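Student:
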Amino acid sequence: MLRRFSHKIKLTRPISRSLVIAQGKKHHIDAYNISKELNLDFAERYIREDDNDAIMITEKTKWHLTLQGTHEFSEWLIVAYAHGSVCFFNVDEASRNQWVSKFKDLTKSQSIKTENLTIEINPNAKEYCEIGRDRLTITHLDKHALSLITGTLARSAALKSYEDQLRDILHQFQGLNSKVKIQNKMSMVEVNKLTPVIALGNELKCGLLITVRLLETPDIIWDSSRYDKLYKLLNNDFEIGVRYTAIEKKLDFIQENAIFYLDMRHSHVMNRGNWSVIFLLAASAVVAYRMYRASIQEVRSGEVRWSRLVMSIKEKFE
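The opening residue of the sequence shown carries number 747 in my numbering; numbering runs sequentially from there.
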């Protein structure tokens, strides 16, 4: 299937060498979050089916695909991440749509979230990097800077997917709250839906921390103050930290609500159980009292019969 593209495809590891990026031109990066997770090894095998001579070296969290051919730019770049995002650098719309379709087939995805950024290289700029209105101006764009940019856009697109999932869960809780408010009770069907919600919340949080790696910082930012500035600038502009905090609060709210309803149901069941115990104790007390009354009556009736027998004997002897 890859041979349908007009340009020559070369699978390599461009992060290990310098990219040939023209100055004075606008470069475009488009990020697509296609799924919550992307198996990079499987993706590599999937691509090799189309080009057996391709050579690809993958990292644990991402792989790179270099496209060289007839284009106004000397090099295109595609970066796929394990958390399900794919970034396209200088890839035209037609080719980009073909690749997105291919990744959708690979992941069986139905929903896609996007981010985009225009990069302008200006060696004469006063600051190393400045950003505003979806445009980044930078004095020099090398492989490390490009890696920081694609990584940030990939995370931002992934966050959009997580935000949509949380929004759906909150809508479910809104409906549940309305039912409980009106009926003042919960059905077992609704209770059984709460446990998977807690598990889903844990899964989303693990995905953010382990797969998307939101709390981790790239090692390259410690090598240069320029990379550190670029990384912070991008994270602030795309509000990565703020959005993660908002997601975390929503997850905590969802889990607290789920636990509250489960506790409420548990208390209701316990109260029913307590009343059952009280009823059984009361019934036992009534039965015991009746048995006691019956035994007293039996003793009294026996005493009456005995006294009558004694009186009859005395009368005979007199």
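Ideal placement from N, C-alpha and C gives every residue a C-beta, glycine not left out. As the structure is a prediction and not an experimental result, all values here were calculated from the model.
1) Check this for me: beta carbons of A777 and A903, under 8 Å apart or not?
2) Is the beta carbon of N779 sitting closer than 8 Å to the one on K906?
3) Run through DSSP, which three-state label would S857 get?
4) Under 8 Å, do L852 and N836 count as touching if we go by C-beta distance?
5) Assign D776 to one of three DSSP states: helix, strand, or coil.
6) Taking Cβ positions, are E783 and T957 nearer each other than 8 Å?
7) Starting from E876 and walking both ways along the alpha helix (DSSP H), at which residues does that stretch end?
8) Apply the 10 Å Cβ neighbour rule to L980 and answer buried if 16 or more other Cβ atoms are within range, or exposed otherwise.
9) Could you give the distance in angstroms between the alpha-carbon of T883 and the alpha-carbon of R989?
10) Measure how close the beta-carbons of I1000 and G947 come, nearest whole angstrom, since I'm counting them as under 8 Å.
11) May I ask which residues mark the beginning and end of the beta strand (DSSP E) holding S831?
12) Assuming Y1007 contacts L940 (C-beta within less than 8 Å), just tell me the rounded distance between them.
13) Does the separation of the CB atoms of C875 and L976 fall below 8 Å?
14) Give the DSSP-derived three-state secondary structure of E866 in the structure shown.
15) Please report the straight-line C-alpha distance between M1016 and V943, rounded to a whole angstrom.
16) How many Å lie between I803 and D787 at the Cα?
17) Given this structure, state the Cα-to-Cα distance separating G830 from S847, to the nearest angstrom.
18) Quick check on DSSP: helix, strand or coil for A734?
19) Measuring alpha carbon to alpha carbon, tell me which of D914, L894, H886 and N938 ends up nearest V825.
20) Would you check if the distance between the CB atom of L899 and the CB atom of E866 is smaller than 8 Å?
21) Can you give me the Cβ contacts of E859 inside the same chain, cut-off strictly under 8 Å, excluding the 5 residues immediately before and after it?
22) DSSP state of A1004, grouped into three classes?
23) Are there 16 or more other CB atoms within 10 angstroms of the CB of T816, so buried, or fewer, so exposed?
24) Does DSSP classify L940 as helix, strand or coil?
25) Do S855 and S781 have their C-beta atoms closer together than 8 Å?
26) Considering only residues of the same chain and omitting the five flanking positions on each side of K996, which have a CB-CB separation below 7 Å?
27) At what residues does the alpha helix (DSSP H) containing L980 begin and finish?
28) With 16 as the cutoff for other CB atoms within 10 Å, does T896 come out buried or exposed?
29) Whose CA, out of H773, T885 and E1002, lies closest to the CA of C833?
30) Does A1004 pass the burial test, meaning 16 or more other C-beta atoms within 10 Å, or should it be called exposed?
31) Can you look up A871 in the DSSP assignment and give me helix, strand or coil?
32) With A826 as the anchor, note down where its beta strand (DSSP E) starts and where it stops.
Tutor: In short:
1) The sequence position of residue 777 within the sequence shown is 31, counting from 1. The sequence position of residue 903 within the sequence shown is 157, counting from 1. At the C-beta level, A777 and A903 come within 8 Å of one another.
2) As a first step, residue 779 must be located in the sequence shown, where it is residue number 33. As a first step, residue 906 must be located in the sequence shown, where it is residue number 160. Yes. Within cutoff.
3) Here the question's residue 857 lines up with position 111 in the sequence shown. Coil at S857, not helix or strand.
4) For the purposes of this step, residue 852 is taken as the residue at position 106 of the sequence shown. For the purposes of this step, residue 836 is taken as the residue at position 90 of the sequence shown. No, the Cβ-Cβ distance between L852 and N836 is not below 8 Å.
5) Position 30 of the sequence shown, counted from the start, is the residue given in the question as residue 776. Residue state, collapsed to three classes: strand.
6) Here residue 783 refers to the residue found at position 37 of the sequence shown. Here residue 957 refers to the residue found at position 211 of the sequence shown. It is a contact, given that the beta carbons lie within the stated cut-off.
7) Within the sequence shown, residue 876 is the residue found at index 130, counting from 1. Element bounds for E876: not the alpha helix (DSSP H) but the beta strand (DSSP E), C875 to G878.
8) The residue labelled residue 980 in the question sits at position 234 within the sequence shown. The residue is buried, with at least 16 neighbouring Cβ atoms inside 10 Å.
9) Here residue 883 is taken as the residue at index 137 of the sequence shown, counted from 1. Here residue 989 is taken as the residue at index 243 of the sequence shown, counted from 1. Approximately 24 Å between the Cα atoms of the pair.
10) Mapped onto the sequence shown, residue 1000 falls at position 254. Mapped onto the sequence shown, residue 947 falls at position 201. I1000 to G947, Cβ: 5 Å. Contact.
11) Within the sequence shown, numbered from 1, the residue matching residue 831 stands at position 85. It spans S831 to F835 - the beta strand (DSSP E) in which S831 sits, taken as one unbroken run.
12) Residue numbering aside, residue 1007 sits at position 261 when the sequence shown is read from its first letter. Residue numbering aside, residue 940 sits at position 194 when the sequence shown is read from its first letter. That belief holds up - the Cβ atoms of Y1007 and L940 are roughly 6 Å apart, short of 8 Å.
13) Taking the sequence shown and counting its residues from 1, one reaches residue 875 at position 129. Taking the sequence shown and counting its residues from 1, one reaches residue 976 at position 230. Contact flag set, yes.
14) Stepping through the sequence shown from its first residue, residue 866 is reached at position 120. Note: E866 maps to strand in three-state DSSP.
15) Residue mapping note: residue 1016 aligns to position 270 of the sequence shown, counting from 1. Residue mapping note: residue 943 aligns to position 197 of the sequence shown, counting from 1. With a pLDDT of 49 at M1016, under the threshold of 50, the predicted position of this residue should be treated as unreliable, though the coordinate-derived value follows. So the alpha carbons of these two residues sit roughly 23 Å apart.
16) As a working note, residue 803 is residue 57 in the sequence shown. As a working note, residue 787 is residue 41 in the sequence shown. Bear in mind that the predicted position of I803 carries a pLDDT of just 41, short of 50, making it too unreliable to give a figure here.
17) Here residue 830 corresponds to residue number 84 of the sequence shown, with the count starting at 1. Here residue 847 corresponds to residue number 101 of the sequence shown, with the count starting at 1. Spanning the two alpha carbons is a distance of roughly 14 Å.
18) What is shown of the chain runs 747 to 1064, which leaves residue 734 out entirely.
19) One-based indexing of the sequence shown puts residue 825 at position 79. With distances taken between Cα atoms, V825 lies closest to L894.
20) Position 153 of the sequence shown, counted from the start, is the residue given in the question as residue 899. Position 120 of the sequence shown, counted from the start, is the residue given in the question as residue 866. Contact: no.
21) Walking along the sequence shown from the start, residue 859 turns up at place 113. The sequence given here has Lys at residue 859, not Glu. Excluding residues within five positions, the ones whose Cβ falls inside 8 Å are Y778, N779, A903, A904, K906, S907 and D910.
22) Reading the sequence shown from its first residue, position 258 is the one you call residue 1004. Residue state, collapsed to three classes: helix.
23) Here residue 816 refers to the residue found at position 70 of the sequence shown. A caution first: T816 carries a pLDDT of 37, below 50, which makes its placement in the model too unreliable to give a value.
24) Numbered from its first residue, the sequence shown carries residue 940 at position 194. Residue state, collapsed to three classes: helix.
25) Here the question's residue 855 lines up with position 109 in the sequence shown. Here the question's residue 781 lines up with position 35 in the sequence shown. Less than 8 Å divides the Cβ of S855 from the Cβ of S781.
26) Locating residue 996 in the sequence shown gives position 250, counting from the first residue. L912 and L916.
27) Here residue 980 refers to the residue found at position 234 of the sequence shown. Run containing L980: S971 to D983, per the alpha helix (DSSP H) assignment.
28) Against the sequence shown, residue 896 aligns to sequence position 150. Burial call: buried.
29) The count along the sequence shown starts at 1 and reaches residue 833 at position 87. Selected option, being the one with the closest Cα: H773.
30) Start at 1 with the first residue of the sequence shown, and residue 1004 comes out as number 258. Under this definition A1004 is a buried residue.
31) Locating residue 871 in the sequence shown gives position 125, counting from the first residue. If DSSP states are grouped into helix, strand and coil, A871 belongs with coil.
32) Residue 826 sits at position 80 when you count from the first residue of the sequence shown. From DSSP, the beta strand (DSSP E) with A826 extends over W822 to Y827.
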